[in-house]
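Heads up, our numbering is the position in the sequence shown plus 19, with the first residue counted as 1.
Note that CB positions come from ideal geometry on N, CA and C, so glycine has one too.
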Amino acid sequence: MSKAIETKKVQVGEIADKFKAAASVVVVDYRGLTVGQVTELRKQLREAGVEFKVYKNTLTRRAAEAAGLEGINEFLTGPNAIAFSNEDVVAPAKIINEFAKKNEALEIKAGIIEGTVASVEDVKALAELPSREGLLSMLLSVLQAPVRNFALATKAVAEQKEEQGA
């Protein structure tokens, strides 16, 4: 087999592994962005632990098939960049969605959320969710509310007894 075919097989395997390992993937069309804008987007994604790569569509389609994600293939037309996040499901969608609001040339095409192909609407809905820290703080405040209310009621009863005793 030729060296080029071997190299492509290795690339397909790497991309398929990334698809399988990723908590979320976002596919975007980056036509119309300047080099500076793409660099800024890459920087923001890198800071969040998200890998942002451009692959040939044929290699990506083969990798998607190998990973059992054939549904994403219909979106792999034209110039695409793919953001892979192995840990934070929300991070790539949130960063790319915010960047797309400021730079209309960036277009979200589709995504993969925990092994399921997602539409543009699903990716944007995911982007609107609060961050992990925000969700945890909401949960904590909900869990604290009954204790806080009990403490306030106990204090009110204690104050009422003090007034009656005085």
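Got a sec? Which residues, its chain only, sit under 6 Å from K39 by beta carbon, not counting five neighbours each side?
Against the sequence shown, residue 39 aligns to sequence position 20. Same-chain partners within the cutoff: A86.
With H, G and I counted as helix, E and B as strand and the rest as coil, what does DSSP make of V166?
Residue numbering aside, residue 166 sits at position 147 when the sequence shown is read from its first letter. If DSSP states are grouped into helix, strand and coil, V166 belongs with the helices.
In the DSSP assignment, what residue or residues form a beta bridge with D48?
Locating residue 48 in the sequence shown gives position 29, where the first residue counts as 1. In DSSP, D48 forms a bridge with E126.
Through-space distance from K27 to P111, alpha-carbon basis
Residue mapping note: residue 111 aligns to position 92 of the sequence shown, counting from 1. Residue mapping note: residue 27 aligns to position 8 of the sequence shown, counting from 1. Rounded to whole angstroms, P111 to K27 spans 26 Å at the Cα level.
Consult DSSP for T53 and reduce its assignment to one of helix, strand or coil.
Taking the sequence shown and counting its residues from 1, one reaches residue 53 at position 34. Of the three classes helix, strand and coil, the one that applies to T53 here is coil, per DSSP.
Coarse secondary structure for E117, derived from DSSP in three states:
Stepping through the sequence shown from its first residue, residue 117 is reached at position 98. If DSSP states are grouped into helix, strand and coil, E117 belongs with the helices.
Leaving out the 5 sequence neighbours to the left and right, which residues in its chain are closer than 6 Å to A137 when beta-carbon positions are compared?
In the sequence shown, the residue the question calls residue 137 occupies position 118. Contacts found: G130.
From D36, D48 and S21, pick the residue whose C-alpha is nearest to that of L125; which is it?
Residue numbering aside, residue 125 sits at position 106 when the sequence shown is read from its first letter. Considering only alpha carbons, the answer is D48.
If I follow the unbroken alpha helix (DSSP H) through V29, where does it start and stop?
Here residue 29 is taken as the residue at index 10 of the sequence shown, counted from 1. Here the alpha helix (DSSP H) through V29 covers K22 to A40.
What distance in whole Å lies between the Cβ atoms of A42 and V142, which are believed to be in contact at a cut-off of 8 Å?
On the sequence shown, residue 142 is found 123 positions in, with the first residue counted as 1. On the sequence shown, residue 42 is found 23 positions in, with the first residue counted as 1. At roughly 13 Å, the Cβ-Cβ gap does not stay under 8 Å, so V142 and A42 are not in contact.
I need the DSSP call for S138, collapsed to helix, strand or coil.
As a working note, residue 138 is residue 119 in the sequence shown. S138 falls in the coil class under three-state DSSP.
From this set, P165, L88 and E25, which residue's C-alpha is nearest D36's C-alpha?
Position 17 of the sequence shown holds residue 36. Comparing Cα positions, the closest option is L88.
By the 10 Å Cβ neighbour count, where 16 or more other Cβ atoms means buried, how is N168 classified, buried or exposed?
Position 149 of the sequence shown, counted from the first residue, corresponds to residue 168. Exposed, since its Cβ has fewer than 16 Cβ neighbours within 10 Å.
When G68, N76, S21 and E70 are compared against V31, the one with the closest alpha-carbon
In the sequence shown, counting from the first residue as 1, residue 31 sits at position 12. Comparing Cα-Cα distances from V31 to each of G68, N76, S21 and E70, the minimum goes to N76.
So, for L60: in the same chain, excluding its five sequence neighbours on each side, which residues have a beta-carbon less than 6 Å away from its beta-carbon?
The residue given as residue 60 occupies position 41 in the sequence shown. Counting only Cβ-Cβ distances below 6 Å, and skipping sequence neighbours, we find F118.
Distance between N99 and N92 (C-alpha atoms, nearest Å)
Within the sequence shown, numbered from 1, the residue matching residue 92 stands at position 73. Within the sequence shown, numbered from 1, the residue matching residue 99 stands at position 80. The straight-line gap from Cα to Cα measures roughly 12 Å.
Reduced DSSP secondary structure (H/G/I, E/B, other) of E106:
Locating residue 106 in the sequence shown gives position 87, where the first residue counts as 1. Note: E106 maps to coil in three-state DSSP.
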